[in-house]
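One structure below.
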Amino acid sequence: MTQIVQSTLLMSLGLGTMMTFASTHWLLAWMGIEINTLALIPLMVQNPHPRAVEAATKYFFAQTVASALLLFATFSNSYLTGTWNIPLMSHPTPMALCILALAMKVGLAPLHTWLPEVMQALDLRIALILSTWQKLAPLYLMYQIPLTNSNILLTLGLLSIIVGGLGGFNQVQLRKILAYSSIAHLGWMILILSISPPLTLLALYTYLLISTSLFLSLMLLRAKHISSLSTSWAKIPTLTAILPFILLSLGGLPPLTGFAPKWLITMELVKEGMTLMALIAILSSLLSLYFYLRLFYTTTLTTPPNNLPGTLPWRFHPQHNTLVPALTITATITLLPLTPTILAYLTW
């Protein structure tokens, strides 16, 4: 794929998301999401491997079903209420169908089954786009829909946290682990969306930051399997020493950045009288923390001299730009003290 074609596709990704952000009409928002989807599929198959083609096909079918359901729901809303305006939706049935269609777009449980399989077959760079940028437009539309009953969001959020924790248990492929991590973090965002949208934004920004740091680190280490982390010390020792802190931040342990959203969301749920739901979410996030700790163990406790010198890879200079990973990793580890300032800015 030439640089011109690749640049055009990346610009189309940005155009589709910005078009959805700027739209209050359902058809324009739907067109923005479709531009996004159609721009990503050629990027998925730029390396013509059979698994990449299979992943692109699965992604296309899943997104097609979700798009058809979303279009049907918006037409139904127009027929029943006479408006295409997103914030003016009032009929409960089209609203519920729109939420389910957008949940399938982003990969919320129980409509998540396509996401781990697609992520597993993609290059890390495209998997980063799929797990971060592609979530923005559907989440924005879910935020715009004026739900009168938030039970559907609470159910989807809690199911996603549980499935994201259980699904990553026996995985050895890093991209599948990150896919289930994405499902669990999306569950935290959706769980609090109807109660406190600023906390959803905080959780989203934190997830984007930590996921970008982790994906860029794995790209520098050229790691796609859990066993490849055991030899990462021979490639970039400094990054290997920092990687466990990124994983623990993704798991939400204090005093790292990832602790802030889960702490604030739990406090808000308890304040709203949803103590049982907060307890289930915390216990389910412990399941996610288990496979992060397993990666932590693989990275730190199975490094040389457990490996023979002849089996270690050569330590080449990284060919990627290291400035962006350095900035994102620093923010991933050290932003917790600035949480009140960030939250005040989001609620302003």
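Going by the UniProt record's numbering, the residue at position 3 of the sequence shown is 3; the numbering climbs one at a time, nothing skipped. Backbone N, C-alpha and C fix where the C-beta goes; we use that ideal spot for every residue, glycine too.
For a test of the three-state rule: what should DSSP assign to residue i, helix, strand or coil?
i: Q171; result: coil
i: N85; result: strand
i: H185; result: helix
i: P305; result: Note that P305 scores a pLDDT of 47, beneath 50, so its modelled location is shaky; the value from the coordinates is reported in the next line. Residue state, collapsed to three classes: coil.
Could you tell me the distance, in whole angstroms, from the CA atom of residue i to the CA atom of residue j?
i: residue 354; j: N321; result: With the chain running from 1 to 348 in the structure shown, residue 354 is simply not present.
i: L130; j: S23; result: 22 Å
i: L156; j: T240; result: 35 Å
i: L88; j: A56; result: 35 Å
i: Y143; j: L10; result: 25 Å
i: K262; j: I342; result: 15 Å
i: P92; j: T148; result: 8 Å
i: L221; j: L293; result: 19 Å
i: L209; j: I329; result: 8 Å
i: P255; j: L336; result: 7 Å
i: S227; j: K176; result: 14 Å
i: P325; j: L193; result: 29 Å
i: F169; j: W84; result: 43 Å
i: S90; j: L80; result: 9 Å
i: S285; j: V172; result: 19 Å
i: I280; j: L243; result: 28 Å
i: T238; j: D123; result: 24 Å
Pick from the options: whose alpha carbon is nearest that of residue i?
i: A103; options: P48, V65, H49; result: V65
i: M119; options: Y79, I41, G165, N151; result: I41
i: L202; options: S194, L154, M189, T212; result: M189
i: Q63; options: P255, Y205, A39, P198; result: A39
i: Y207; options: A331, P337, T37, T81; result: A331
i: M267; options: S181, Y345, I282; result: I282
i: T347; options: H112, I183, P198, I161; result: P198
i: N36; options: V106, L248, L178, L338; result: V106
Buried or exposed: residue i, going by 16 or more other Cβ atoms within 10 Å of its Cβ?
i: P340; result: exposed
i: T74; result: buried
i: Q6; result: exposed
i: Y59; result: buried
i: F61; result: exposed
i: L27; result: exposed
i: S181; result: buried
i: T275; result: exposed
i: A68; result: exposed
i: L338; result: exposed
Check whether the Cβ of residue i lies closer than 7 Å to any heavy atom of the ligand HEM, and answer yes or no.
i: A62; result: Looking for the ligand HEM in the displayed structure turns up nothing, as the structure carries no ligands at all.
Our contact map puts residue i next to residue j with C-beta atoms below 8 Å; I'd like the distance itself, whole angstroms only.
i: A70; j: W133; result: Note that residue 70 is Leu in the sequence shown, not Ala. Not really, about 19 Å apart at Cβ, beyond 8 Å.
i: L289; j: G251; result: 4 Å
i: L108; j: T17; result: With 8 Å as the limit, L108 and T17 do not qualify as a contact, their Cβ atoms being about 19 Å apart.
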